[in-house]
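In this note's numbering, the protein residues as written are 7 to 176.
Below is one structure, written out as structure tokens; comments come after it.
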């Protein structure tokens, strides 16, 4: 796993901050940011462009699929007017679950950068299917680049705050 660039670190820290906002709002400890890095022709943008930044809204919406990554994908598709998010990177405070990974694949996202691991989420009480993104990529032949864990201690600290508050897991 390569070192994290300063740009990647900033966006991943933003995703982690959104996870904390979710906890502070009485929700879950997951955040996501989608950034456009390339145009429709695959040419790099002069500067990355943040499309959306969100936190998980499962508890607020009583929608079990409203994980941070799926919520971010929905909002990014609306914002960009397309279901093809090629040219985008998704930064997630935690390694995406199998549902989110599938949605990321279907949206054609180029790259995932994540903080905590799916095993970290499982240890905090979330009923995760403990399948790593690298295994899903390998087994499913997904073209998305998987980059993580990074800033894991920072991301896990949000889980710790969530558990300390007695947050609801599912």
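We treat Cβ as the ideally placed atom computed from N, Cα and C, and that holds for glycine.
From a predicted model like this one, the values you see are computed outputs, not experimental measurements.
7 angstroms CB neighbourhood of residue i in its chain, flanking five on each side removed
i: residue 29; result: 35, 164, 167, 168, 171 and 173
Boundaries of the alpha helix (DSSP H) in which residue i is found, first to last residue
i: residue 171; result: No alpha helix (DSSP H) holds residue 171; DSSP gives it neither H nor E.
Residue range of the beta strand (DSSP E) that includes residue i
i: residue 42; result: 37-44
i: residue 56; result: 50-61
Buried/exposed call for residue i, threshold 16 Cβ in 10 Å
i: residue 112; result: exposed
i: residue 126; result: buried
i: residue 109; result: buried
i: residue 72; result: buried
i: residue 50; result: exposed
i: residue 31; result: exposed
Sequence-distant residues of its chain with Cβ nearer than 8 angstroms to residue i (five each side left out)
i: residue 24; result: 37, 38, 39, 59, 60, 61, 74 and 99
i: residue 136; result: 124, 125 and 128
Residues near residue i in its chain [Cβ-Cβ closer than 6 angstroms; skip 5 each side]
i: residue 26; result: 164
Expected contact under 8 angstroms - CB spacing of residue i and residue j to nearest Å
i: residue 41; j: residue 88; result: That pair is no contact at about 16 angstroms.
i: residue 176; j: residue 107; result: Their Cβ separation, rounded to whole angstroms, is 18 angstroms, which puts residue 176 and residue 107 out of contact at 8 angstroms.
Per DSSP, cross-strand counterpart(s) of residue i
i: residue 122; result: 100
i: residue 151; result: 117
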